[in-house]
Structure formats: structure tokens, C-alpha cells
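Undergrad: Below you'll find the structure I mean.
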Amino acid sequence: MNNDNTDYVSNESGTLSRLFKLSQHGTTVRTELIAGMTTFLTMVYIVFVNPQILGAAQMDPKVVFVTTCLIAGIGSIAMGVFANLPVALAPAMGLNAFFAFVVVGAMGISWQTGMGAIFWGAVGLFLLTLFRIRYWMISNIPLSLRIGITSGIGLFIALMGLKNTGVIVANKDTLVMIGDLSSHGVLLGILGFFIITVLSSRHFHAAVLVSIVVTSCCGLFFGDVHFSGVYSIPPDISGVIGEVDLSGALSLELAGIIFSFMLINLFDSSGTLIGVTDKAGLIDSNGKFPNMNKALYVDSVSSVAGAFIGTSSVTAYIESTSGVAVGGRTGLTAVVVG
């Protein structure tokens with residue numbers, strides 16, 4: 001009986017080894033599984049944060065939770081199977097905030113039309129990939145420019161975090177001012193930031209997840225968070241899938257928004273793909289990585305699909321480097337994440 005089980009596991013491992021070329025990359029099934037779980041733990045926060053951000057755009061957070069999980073799973077598995085890279089995909093942080101707070105919030109555009117803008121931006125990204133313009137651009141983008149764009153997105157996310165926790169509030173004279181630093185929201189935000197900082201400095205990969213759990217428990221204690229059950233049946237998402245206003249988004253007013261979605265996603269995903277594959281030792285002397293064009297196709301098609309099912313632009317996640325750091329080298333890592 002034990003021999004039969006051993007042979008079965010061996011055959012399964014052999015199939016995965018051939019499919020993902022594990023031996024050629026100097027890795028094993030066990031290493032890839034650990035790498036996949038590590039990447040999952042470092043980026044799982046997106047399934048909680050994305051619904052909160054898109055909820056500000058009058059979208060149902062419960063539905064967004066489901067669509068976020070769907071597109072992250074499908075995109076990550078596709079990246080692993082078709083491009084054989086240890087890169088996970090999910091809705092982009094920064095672009096989701098831009099969609100919710102700027103496009104819908106400040107400009108007063110409906111979320112359906114905003115999703116249409118994301119859709120057309122993703123189609124533009126796909127066309128750039130189809131005609132290999134994106135391939136050429138990635139090969140020639142200066143490193144300083146990629147770093148600058150990524151840093152700008154990070155600062156924008158930090159601004160949204162300070163606003164949502166109440167550290168800063170709106171002011172008609174100075175635009176922003178310091179909020180009530182003794183409020184529960186601010187204190188929980190500081191606690192969460194402290195936990196992430198300490199655990200990240202000790203290279204603990206699930207730092208963000210631990211911070212979410214701890215601050216949520218504290219929120220329950222203070223009455224700022226309300227417990228609604230351990231599990232529930234996923235909500236019906238049929239009212240969101242395909243509810244993109246494609247014709248409404250094709251207006252001169254939104255041309256700049258569409259271009260912004262396309263451009264930011266272009267640099268964000270391209271920089272991440274290069275950064276992750278470089279850390280994995282997959283970059284050649286010409287600055288290119290294996291299956292580069294396939295990876296770009298998966299990335300752009302995932303963004304198109306994401307807008308169609310009702311979530312913001314999808315991109316490669318820099319958190320994938322955490323899985324690479326523990327030995328992930330192939331697409332099996334991404335499949336485990338999905």
C-alpha cells in the first residue's frame with residue numbers, strides 16, 4: 001500500500017517536473033509549493049483591501065471580494081501554465097485607488113463607465129503587446145524611469161492609507177491637515193504600520209496578513225469592526241459581470257483616463273516582471289527573460305478579463321519576489337498561488 005502511494009506521488013512529481021521544467025531550473029516540487037504559499041501569504045491582503053477601496057466607488061464589497069479572488073486565481077494560473085514564470089497576478093494597488101477616488105469619486109463618473117475606461121486601457125495594452133511595441137519598450141525603458149513610476153504609485157497608496165485611517169483629513173485652505181490622532185482609526189492604523197514594519201524587518205513574509213488580523217481583532221474589541229460570521233455563501237456576481245459601459249467610456253472626456261490606466265499598468269507590470277525574473281536569475285545578458293512575450297499576453301488579457309468581470313486593472317505583483325526568495329523559479333509557484 002505504501003509502495004503504491006509512493007509510486008503515485010513520484011509519478012505526479014515527475015509530471016509536474018516535466019511540465020514546468022523543474023530540473024532545468026534547479027528546483028523541486030516541494031520548493032515550488034513552499035514558494036507558492038509564501039507568495040500567497042504576502043499578497044493575500046489584496047482580497048481584503050481591494051473590496052474596501054472599490055466599495056468607495058459604490059460597488060458591493062462582497063461581490064468585489066469574489067471577483068478579486070477569481071481574477072487573481074485565473075491570472076496567476078495562466079501565468080504559471082503559459083509563461084512558466086513564478087509571477088502572481090491580481091488587481092493593482094494604486095490603480096484601484098485611482099479608479100475609486102479620482103475617476104468615480106472626484107470626477108463623478110459611474111463605476112460602470114469607469115470599468116469601461118479600464119477595459120479600453122487594457123485593450124490598448126493588449127494591442128501594444130500584439131504588435132510587439134510593449135516588448136520593444138520594456139527592452140529600452142531606463143531603470144530610473146521604472147523606479148520613479150513605481151515609487152509614485154507607492155506614495156499615492158500611502159496618501160490613501162493616511163486618509164482612510166484618519167491621520168489626514170480634508171481642509172479647504174490647505175487641502176489636507178492632521179486629523180484626530182487619538183481616534184480608534186488612527187491608533188489602529190499606527191498599530192498596523194508598526195506590526196508590518198517590525199515583522200518585515202525580520203523577513204516575516206506574512207507581515208501584512210498578520211497586521212490585518214491583529215488590527216481587525218482590535219477593531220472588534222473597540223466596536224469599529226462588526227463580526228458577521230466565519231463563512232458565507234458567495235454572493236451572486238451576475239449583476240457585475242459584463243456590466244461595463246464600453247460606449248460611455250469612449251468619450252473625449254475619458255481619453256486621458258484611458259491612457260492613464262494603460263500607461264500606469266504598462267510601467268507597473270513591466271517593472272514588476274523584470275524585477276521578479278531578475279531576482280530569480282532568469283534575465284539573460286540582453287535584459288530579457290524566458291517566455292517574455294507570453295507573459296505580456298497573459299498580463300494584458302488578464303486586465304481585459306478583470307474589467308469585464310468587475311474589478312480594477314490586473315497586474316503582476318512585486319510580492320512574487322518573496323516566493324522567489326525561498327526558491328521559486330517556475331510557473332508552478334504561480335499555479336500554487338492561484
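Take the sequence shown: its letter number 24 is residue 24 in my numbering, and every next letter is one higher. Glycine is no exception: its CB is placed at the ideal position from the N, C-alpha and C atoms. None of the values given here were measured: they were computed from a predicted structure.
#1: Use the C-beta contact count for Ile178: other C-beta atoms within 10 angstroms, 16 or more gives buried, fewer gives exposed.
#2: Looking only at its chain, what residues have a beta carbon closer than 6 Å to the beta carbon of Thr6, apart from the 5 residues adjacent to it on each side?
#3: Between the C-alpha atoms of Ala325 and Ala100, what's the straight-line distance to the nearest angstrom?
#4: Quick check on the burial criterion: 16 or more other C-beta atoms within 10 angstroms. Buried or exposed for Val169?
#5: Based on DSSP bridge pairs, tell me the residues matched to Thr15.
#6: Would you tell me roughly how many angstroms separate the C-alpha atoms of Ile133 and Ser139, rounded to the nearest one?
#7: Whole angstroms are fine: how far does the CA of Thr315 sit from the CA of Ile258?
#8: Would you decide whether Val104 is buried or exposed? Buried here means 16 or more other CB atoms lie within 10 Å of its CB.
#9: Tell me where the beta strand (DSSP E) around Met177 begins and ends.
#10: Can you list, in chain order, the residues of its chain with a C-beta nearer than 7 Å to that of Ser300? Leave out the 5 residues immediately preceding and following it.
#11: Comparing C-alpha positions only, which one of Ile34, Thr321, Met43, Gly80 sits nearest to Val210?
#12: Going straight from the alpha carbon of Val64 to that of Asp268, what length do you get?
#13: Which parts of the region 160 to 221 are runs of the alpha helix (DSSP H), unbroken and 4 residues or longer, counting only runs that do not cross its ends?
#14: Taking 8 Å as the cut-off, does the region 214 to 223 touch the region 184 to 200 (at least 3 CB pairs, one atom from each stretch)?
#15: Applying the criterion that 16 or more other CB atoms from any shown protein chain within 10 Å of the CB defines a buried residue, is Thr27 buried or exposed?
#16: So, is Phe98 buried or exposed, given that buried needs 16 or more other C-beta atoms within 10 angstroms?
#17: Going by the CB atoms, is the gap between Ile212 and Tyr45 shorter than 8 Å?
#18: Considering only DSSP beta bridges, list what Pro290 is partnered with.
#19: If distances are taken between C-alpha atoms only, which option among Gly73, Lys294, Glu253, Ala56 comes closest to Phe353?
#20: Among the residues of its own chain, which have a CB less than 7 Å from the CB of Val282, if the five just before and after it don't count?
#21: I need the straight-line Cα distance from Leu54 to Gly256, nearest angstrom please.
#22: Just the C-alpha distance for Leu181 and Val167, rounded to the nearest angstrom, thanks.
#23: What residues in its chain sit with their C-beta under 6 Å from that of Lys279, if we drop five residues either side in the sequence?
#24: Between Ser216, Gly116, Asn293, Pro51, which lies nearest to Asn96 when the distance is taken from Cα to Cα?
#25: Could you spell out the range, first to last residue, of the beta strand (DSSP E) harbouring Pro91?
#26: Which residues does DSSP pair with Thr31 in a beta bridge?
#27: Are the beta-carbon atoms of Ile77 and Ala334 separated by less than 8 Å?
#28: Between which two residues does the beta strand (DSSP E) harbouring Ala316 extend?
#29: Please report the straight-line C-alpha distance between Arg18 and Gly328, rounded to a whole angstrom.
#30: For Val276 and Ala90, I'd like the C-alpha separation in whole angstroms.
#31: I need the DSSP call for Gln24, collapsed to helix, strand or coil.
TA: The relevant details are as follows:
#1: exposed
#2: With a pLDDT of only 46 at Thr6, under 50, the local geometry of the prediction cannot be trusted, and the value read off the model is given with reservation. So no residue of the chain qualifies.
#3: Straight-line Cα distance between these residues: approximately 33 Å.
#4: exposed
#5: Looking at the DSSP assignment, Thr15 forms no beta bridge with any residue, so it has no partner.
#6: 10 Å
#7: 16 Å
#8: buried
#9: 175 to 178
#10: Ala122, Leu125, Phe126, Thr129
#11: Met43
#12: 22 Å
#13: 184 to 201
#14: They touch, by the three-pair rule.
#15: buried
#16: buried
#17: yes
#18: For Pro290, which the question treats as bridged, DSSP gives no partner whatsoever.
#19: There is simply no residue 353 to check, as the chain begins at 1 and stops at 338 in what is shown.
#20: The sequence shown places Leu at residue 282, rather than the Val named in the question. These residues qualify, in order along the chain: Phe289, Pro290.
#21: 21 Å
#22: 6 Å
#23: The answer, listed in chain order, is Thr321, Val324.
#24: Pro51
#25: 89 to 91
#26: For Thr31, DSSP records no beta bridge to any residue.
#27: yes
#28: Its beta strand (DSSP E) spans residues 314 to 316.
#29: 16 Å
#30: 15 Å
#31: helix
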